[in-house]
Structures are given as structure tokens and as C-alpha cells.
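One structure is given here, and the rest of the page talks about it.
Next comes the structure, spelled out in C-alpha cells:
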């Protein structure tokens with residue numbers, strides 16, 4: 348039986364394929380972690396701004412970013428996670444530094460007694476295909 352040997356070019360090709368696979372794995376891992384650190388808040392005060400919402404969401408833990416989604420943006424949305432949001436009110440997409448803080452924000456900041464008009468905070472749904 349003939350013995351097969353790998354050339355230097357074969358080894359370089361293999362190394363490149365492994366590196367690309369690791370880059371994709373790192374990217375997917377960081378994307379999943381970002382979704383786990385993100386919450387969506389609704390039933391916000393009138394004319395919300397990131398500066399107005401920072402003390403509310405920051406009371407739970409360190410906030411990395413706050414983005415306001417206006418009804419105008421939501422009316423034009425085509426991304427699946429945005430389509431599920433009500434286009435009749437403002438929403439805040441809040442990114443925390445840690446997934447545990449985001450989970451705690453969902454529990455501690457949601458006004459369960461006043462669910463129609465009180466602040467509601469929900470975890471961002473994971474992207475399709477992730478657990």
C-alpha cells in the first residue's frame with residue numbers, strides 16, 4: 348500500500364481552514380454572548396433618550412449601550428426580532444456587561460403589577476439556530 352505524505356502546501360491549507368473555522372466559532376460565540384447580554388424595554392417614559400434611561404437600567408448593573416427604537420424605525424423593520432415589537436411605541440435595546448445582570452434586569456425592572464403601562468423588560472431572543 349503506498350504511503351501518503353502531506354506537502355507543505357497541504358499543511359498550510361489545513362492550517363488556514365482551521366484558522367478560518369476558529370474565527371467563525373469565535374464570531375458566533377461573541378454574537379451569542381452579545382444577545383445574552385441584551386434586553387428590550389418597553390412602556391417607556393414619553394420621549395425617551397439614552398440619557399433619561401441610563402439611571403433606570405443602570406440601577407441593576409453596568410450598561411454598555413442603550414439604543415432607542417422609535418415607532419418610525421419599527422414600522423420599516425424587516426429583521427425578525429424587530430418585527431415582533433409593537434410599532435406603536437418606543438423600545439429601548441439595552442446591552443449590559445454581563446448576561447447575569449441582563450437576566451436580573453428582566454426580573455427586577457419589570458413592573459408586573461402594572462403590566463399595561465409600567466416598564467417591561469424582556470430578554471432579547473437568541474438568534475435563530477442558537478441555543
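Numbering (the working numbering), first residue to last: 348 to 478. Heads up, the beta-carbon is just placed ideally off N, CA and C, and yes, glycines get one too.
Query                                                                                                                                                              : Result
For the 8 angstroms Cβ check, are there 3 or more pairs between the segment 399 to 412 and the segment 447 to 462?                                                 : yes
Provide the residue span of the alpha helix (DSSP H) that contains residue 403, from first to last.                                                                : 397 to 405
Contact check, residue 437 vs residue 391 under 8 angstroms by CB: the rounded distance?                                                                           : 5 angstroms
Are the CB atoms of residue 410 and residue 440 nearer to each other than 9 angstroms?                                                                             : no
Cα separation between residue 415 and residue 396?                                                                                                                 : 7 angstroms
Are the C-beta atoms of residue 420 and some chain B residue less than 9 angstroms apart?                                                                          : You won't find chain B in this structure, because it holds only one protein chain.
Would you kindly work out how many angstroms separate the C-alpha atoms of residue 400 and residue 426, rounded to a whole number?                                 : 24 angstroms
Going straight from the alpha carbon of residue 463 to that of residue 379, what length do you get?                                                                : 30 angstroms
Could you have a look at residue 467 and say whether DSSP puts it in helix, strand or coil?                                                                        : strand
Quick one: residues in its chain with C-beta nearer than 6 angstroms to the C-beta of residue 446, no 5 flanking neighbours on either side, listed in chain order? : 383, 384
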